[in-house]
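Residue numbers (mature numbering (1 follows the signal peptide of the UniProt record, and there is no 0)): -30 to -1, 1 to 120.
Ideal placement from N, C-alpha and C gives every residue a C-beta, glycine not left out.
A quick note: this is a predicted structure, and the numbers were derived from the prediction, not measured.
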Amino acid sequence: MLDPILKRLATLGVPCVAVTLPFMASVAVAETTEIRVIAGDQVIHASLNDSSASRDFLAQLPLQIELSDYHSTEKIAYLPKALSTTGMPKAMDPEVGDFTYFAPWGNIALFYKDFGYSRGLVKLGEIHPEDINLLQALPKVNVIIERSQP
């Protein structure tokens, strides 16, 4: 849609860069919500995307749940309520730092190591890179997950 507009403006002698840059900036900005996982005096920060599953997760916050290690690859915790995955991809290939939801089991999975393609896994967001080692070092622990304070 933008291309025909730019072509028309160019035929009128209007500089297209001035039109393109503000438009692209508004398209490129994605909404994220900052959260934190609190384990005692340790805090892990993450940014959640603006998806139906993430919005459902945010609606459950604050949460007090048990976080435990799974296969020396990820930390998992079971949610009290299933998340909506409507309109979400049905599988993904998680990477280090991915904050995900595993729909078949109803748990969140926070990856501190790379893992393979997994059906039923939905990306909710990303753990801040500087907190990956802290996440990996956590023992089985009760945590509070809440929105970050401004």
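From the options, residue whose alpha carbon lies closest to that of residue i
| i | options | result |
| --- | --- | --- |
| I78 | P120, T2, V7 | V7 |
| V13 | R25, I46, L104, N112 | L104 |
| T52 | H98, P74, S17, N19 | It is worth fixing the name first, because residue 52 is Ala in this sequence and not Thr. Closest option to A52, Cα to Cα, is P74. |
| S21 | S88, G57, A61, K110 | G57 |
| F27 | S88, L49, R89 | L49 |
Residue j beta carbon less than 9 Å from that of residue i
| i | j | result |
| --- | --- | --- |
| Y71 | E44 | no |
| A9 | L108 | yes |
| I115 | P32 | yes |
| E4 | N19 | no |
| S42 | M62 | no |
Spatial distance of residue i from residue j (CA atoms)
| i | j | result |
| --- | --- | --- |
| G86 | L94 | 17 Å |
| S38 | T55 | 23 Å |
| A(-3) | L91 | Confidence is the limiting factor: at A(-3) the pLDDT is only 47, short of 50, which leaves the residue's position unreliable and the question unanswerable from this model. |
| E100 | A16 | 10 Å |
| Q34 | A47 | 10 Å |
| Y40 | P64 | 14 Å |
| K60 | R25 | 17 Å |
| D68 | K110 | 19 Å |
| F(-8) | R117 | Low local confidence applies: a pLDDT of 46 at F(-8) is under 50, so the model's placement there is unreliable, with the coordinate-based value given in what follows. So the alpha carbons of these two residues sit roughly 30 Å apart. |
| residue 167 | D11 | Residue 167 lies beyond the range of the chain shown here (-30 to 120); nothing can be said about it. |
Contact set for residue i: own chain, Cβ-Cβ below 6 Å, skip 5 residues either direction
| i | result |
| --- | --- |
| Q106 | Y82 |
| N112 | E36 |
Own chain, CB closer than 8 Å to residue i, minus 5 neighbours either side, in chain order
| i | result |
| --- | --- |
| V66 | F81, Y82, K83, D84, I102 |
Residues near residue i by beta carbon distance below 7 Å, same chain, minus five either side
| i | result |
| --- | --- |
| Q119 | none |
| G76 | Y48, L49, A52 |
| said: What ranges does the alpha helix (DSSP H) occupy inside the stretch 7 to 86, keeping only unbroken runs of at least 4 residues that lie completely in it? | reply: 22 to 29
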